[in-house]
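In terms of this note's numbering, the sequence shown has 77 at position 46, counting the first letter as 1, and numbering is strictly consecutive.
Glycine included, C-beta positions come from ideal geometry on N, C-alpha and C.
Following: one structure in structure tokens, then a few remarks.
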Amino acid sequence: MGNVGLLLVGVALLVNGLVSVGVVDARGAAPLNLFVGAAQVVLPTLVLVQSEGNPGIVNATWPSYLFGFTYLWFGLIQIFDIDACGFGWFSSFVAAIAVYHAVKSVGSDPVFAIIWATWAIMWSLFFVLLALGVTKAGRVDLGHFTGWFLVLLGVPSSTVPAILLLNGRWPTSAAAGSAALAILLVATVLSVTLSRRSAPRDQEAAPVEALVSGGVPQTA
Numbered sequence: 032m033g034n035v036g037l038l039l040v041g042v043a044l045l046v047n048g049l050v051s052v053g054v055v056d057a058r059g060a061a062p063l064n065l066f067v068g069a070a071q072v073v074l075p076t077l078v079l080v081q082s083e084g085n086p087g088i089v090n091a092t093w094p095s096y097l098f099g100f101t102y103l104w105f106g107l108i109q110i111f112d113i114d115a116c117g118f119g120w121f122s123s124f125v126a127a128i129a130v131y132h133a134v135k136s137v138g139s140d141p142v143f144a145i146i147w148a149t150w151a152i153m154w155s156l157f158f159v160l161l162a163l164g165v166t167k168a169g170r171v172d173l174g175h176f177t178g179w180f181l182v183l184l185g186v187p188s189s190t191v192p193a194i195l196l197l198n199g200r201w202p203t204s205a206a207a208g209s210a211a212l213a214i215l216l217v218a219t220v221l222s223v224t225l226s227r228r229s230a231p232r233d234q235e236a237a238p239v240e241a242l243v244s245g246g247v248p249q250t251a
């Protein structure tokens, strides 16, 4: 069941990325966030209820709640225009948990170690943007970089792994881990390039509120 929820996460990350680059309206993405968030709470709960306290199942399942609450909270922000600073600080906690799991998985599952690292970067970006209010890193617009990072890696880091796991074809070799790392690095470079092209050049960095609401501010 947990893998079914993971399958849905990819499209949520993709659509939220499109919100950040101004392609999709935020309120139009809110129903998807609420649906995926609810799934990431309900499905893990069903898994835990049936686990009979198995430590392995519990340890593999509880992080899903962090991601489920992410989408529920973000969906509410998009609908009710709630201040996103608290969400940003919550994202720092999620990022720290993701780093922990990335380090923990390096030896046994290098591919998932890279996936956890990818999620750690995503949620760290949410923290920097929404809690710290930092929208520029040199010449890079962090809002647009985050958007393209989600667009390029949302499905590969969530939906694709879920499909492989559901079909019992999960790779655990070092070569597969190296390939996953290469994909992460290429997507990062592409995100930088695309963010420089899509970000508005005739104004300052987009305010945090615009990144949450999905609108790229227009000049008068």
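Nearest-angstrom Cα distance between residue i and residue j?
i, j, result
"Ala115", "Leu212", "31 angstroms"
"Arg227", "Val165", "16 angstroms"
"Leu197", "Pro75", "15 angstroms"
"Val80", "Gly178", "36 angstroms"
"Trp201", "Leu63", "27 angstroms"
"Val125", "Asp56", "25 angstroms"
"Thr101", "His175", "20 angstroms"
"Ala70", "Gly59", "19 angstroms"
"Lys167", "Leu225", "15 angstroms"
"Val35", "Tyr96", "14 angstroms"
"Val78", "Phe66", "18 angstroms"
"Arg170", "Val191", "32 angstroms"
"Phe111", "Ala61", "10 angstroms"
"Lys135", "Ser51", "31 angstroms"
Use the C-beta contact count for residue i: other C-beta atoms within 10 angstroms, 16 or more gives buried, fewer gives exposed.
i, result
"Gln234", "The predicted model places Gln234 with a pLDDT of 45, which falls under 50 and marks its position as unreliable; any figure quoted below should be read in that light. So Gln234 counts as exposed."
"Gly245", "Residue placement at Gly245 is flagged as unreliable, the pLDDT there being 43, under the threshold of 50; a coordinate-derived value is accordingly withheld."
"Tyr131", "exposed"
"Ala127", "exposed"
"Ser222", "buried"
"Asn85", "exposed"
"Gly24", "Given that the chain is displayed from residue 32 to residue 251, the structure contains no residue 24 and the question cannot be resolved."
"Ser139", "exposed"
If you follow the alpha helix (DSSP H) that residue i is in, where does it begin and where does it stop?
i, result
"Ser139", "Premise fails: Ser139 is in no alpha helix (DSSP H) and is neither H nor E."
"Phe90", "Reading off the sequence shown, one finds Asn at residue 90, where the question assumed Phe. Pro86 to Thr92 is the span of the alpha helix (DSSP H), which, as asked, contains Asn90."
"Thr341", "Residue numbering for the chain in the displayed model covers 32 to 251; residue 341 lies beyond these limits and cannot be assessed."
"Leu195", "Val191 to Leu197"
"Ala207", "Ala205 to Ser229"
Mind checking who residue i pairs with in its DSSP beta bridge?
i, result
"Asp172", "Lys167"
Apart from the five residues on each side of it in sequence, which residues of its chain come closer than 7 angstroms, Cβ to Cβ, to residue i?
i, result
"Gly185", "Gly41, Leu44, Leu45 and Gly48"
"Ile214", "Pro187"
"Ala133", "Ala144, Trp147, Ala148 and Ala151"
"Gly208", "Pro141, Val142, Ala144 and Ile145"
"Leu216", "none"
Could you pull out every residue in the same chain whose Cβ sits closer than 8 angstroms to the Cβ of residue i, ignoring the five residues on either side in sequence?
i, result
"Ser82", "Ile88, Val89 and Thr92"
"Ser123", "Trp154, Ser155, Phe158 and Ala162"
"Ala205", "Pro141"
Below 6 angstroms CB to CB, which residues in the same chain sit around residue i once its five sequence neighbours on both sides are set aside?
i, result
"Leu37", "Ser189 and Ala193"
"Val72", "Gly99"
"Trp257", "This structure cannot speak to residue 257, because the chain is shown only from 32 to 251."
Within 8 angstroms of any Cβ in chain D, is that where the Cβ of residue i sits?
i, result
"Thr149", "Of the protein chains in the structure, only one exists, and it is not chain D."
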